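With the sequence shown counted from 1, adding 3 to any position gets you my numbering. Following: one structure in structure tokens, then a few remarks.
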Amino acid sequence: MATSMVCLVALCLVSPLLLAGAVLGNPGYGGLFPQFYDHSCPKAKEIVHSIVAQAVARETRMAASLVRLHFHDCFVKGCDASVLLDNSTNIVSEKGSNPNKNSIRGFEVVDEIKVALETACPGTVSCADILALAVGGPYWDVPLGRRDSLGASIQGSNNDIPAPNNTLPTIITKFKRLGLNIVDVVALSGGHTIGLSRCTSFRQRLYNQSGNGLADSTLDVSYAAQLRQGCPRSGGDDNLFPLDIVTSTKFDNFYFKNILAGRGLLSSDEVLLTKSAETAALVKAYANDVHLFFQHFAQSMVNMGNISPLTGSQGEIRKNCRRLNNFH
4 MATSMVCLVA
14 LCLVSPLLLA
24 GAVLGNPGYG
34 GLFPQFYDHS
44 CPKAKEIVHS
54 IVAQAVARET
64 RMAASLVRLH
74 FHDCFVKGCD
84 ASVLLDNSTN
94 IVSEKGSNPN
104 KNSIRGFEVV
114 DEIKVALETA
124 CPGTVSCADI
134 LALAVGGPYW
144 DVPLGRRDSL
154 GASIQGSNND
164 IPAPNNTLPT
174 IITKFKRLGL
184 NIVDVVALSG
194 GHTIGLSRCT
204 SFRQRLYNQS
214 GNGLADSTLD
224 VSYAAQLRQG
234 CPRSGGDDNL
244 FPLDIVTSTK
254 FDNFYFKNIL
264 AGRGLLSSDE
274 VLLTKSAETA
284 ALVKAYANDV
294 HLFFQHFAQS
304 MVNMGNISPL
314 TGSQGEIRKN
324 CRRLNNFH
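Laid out in structure tokens, this is it:
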């Protein structure tokens, strides 16, 4: 793959053959399997990939936004597209939760994909599978066959999604509740090698009570000084900063190298190195071996995508990802 290639979906400069060796499309993923739409909507993957590629070409940041959208969906009630539902008479949208409000994005891209799929194969491809495909293939086989939820959970969105200021034990617990392990915690955190974060998510690390020194001594001093310039003690909450200061639009392993250098942006990044020997060993391993990181990330994305999927006659296939089919 050419080194000048712009990120398509989640990954940049990753060999499809490398990742194909990591995830072989095991049909045992809760009844999901990569060939689910081969007969009912044979061009589904092609349609999704094409629209995502166009969206990322317009705005590179969209790759990270779609990964985050899938992540925030799967951690609440499973991978069921509940995060896409708007407020209605019977729905309190997860979009208004603390982790999502004024932060989560990419809904218009999902809408565009859904319109194209409804034209090609009406009532066939779920919104939950759209999210999985948007951040997965062609880089690894994405198990498919999810159906869409009939409700949302703003309480779950507020409580279950790992937060930037969570302790490492809390983060690990939130992963373990969903059947994910320590490798998944560190590998999926590597998604921070692309994308941006708001000042409000890390300001607490930059200022002690007097405002003269750092609250977090693990931060590299020169890096912290750069952050302070755009993230003042008050104001500027929505100012954006790259999660990976070196290669923020390229999917690589510099995120882990940054952590080793005291340049992890979020507290939840830094604690992977400083609060657990097991997670620290993985940070160092991924920093030293980009291929190992790619393989583990691909497998962990499949593991996450398998969290409590609705299958068979459960849920529905939404015609519009923002509302239920019996919307009123």
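Where is the CB? At the ideal position from N, CA and C, for every residue including glycine. The model shown is predicted, which means the values in this text are computed figures rather than measured ones.
Ranked by how close their Cα comes to the Cα of SER192, the residues LEU35, SER100, PHE205 and ILE174 have ILE174 in first place.
Taking C-beta atoms as the reference points, VAL59 and ALA67 fail to come closer than 7 Å.
With 16 or more other CB atoms across the displayed protein chains lying within 10 angstroms of its CB, VAL189 is buried.
In the structure shown, the three-state DSSP call for PHE110 is helix. The beta carbon of GLU121 is closer than 7 Å to those of LYS322 in its chain, skipping five residues each way along the sequence. Bridge partners of ARG150 according to DSSP: LEU313. From the listed residues ALA155, PHE178, HIS42 and THR282, the smallest Cα separation to ALA123 is found for HIS42.
PRO125 counts as exposed, since fewer than 16 other C-beta atoms from the protein chains shown sit within 10 angstroms of its C-beta.
For PHE257, the enclosing alpha helix (DSSP H) covers residues 257 to 263. If you compare the alpha carbons of LEU35, GLY194 and ARG206 with that of SER237, the shortest gap goes to ARG206. DSSP assignment within the segment 264 to 312 yields the following whole alpha helix (DSSP H) runs of 4 residues or more, N-terminal first: 270 to 277, 280 to 291 and 293 to 308. Going by beta carbons, VAL138 and LEU69 fall inside the 7 Å limit.
The three-state secondary structure of SER200, taken from DSSP, is strand.
Residue environment for GLU273: buried (at least 16 other C-beta atoms within 10 angstroms of its C-beta). In terms of Cβ geometry, PRO312 and CYS130 do not form a close pair [threshold 7 Å].
DSSP, read as helix, strand or coil, puts LEU120 in helix. For PRO172, the uninterrupted alpha helix (DSSP H) run begins and ends at 171 to 179, by DSSP. Here ILE157 is near GLU97, since their CB atoms are less than 7 Å apart. DSSP places PHE244 in the uninterrupted beta strand (DSSP E) bounded by 243 to 245. Here SER200 is not near SER160, since their CB atoms are 7 Å or more apart.
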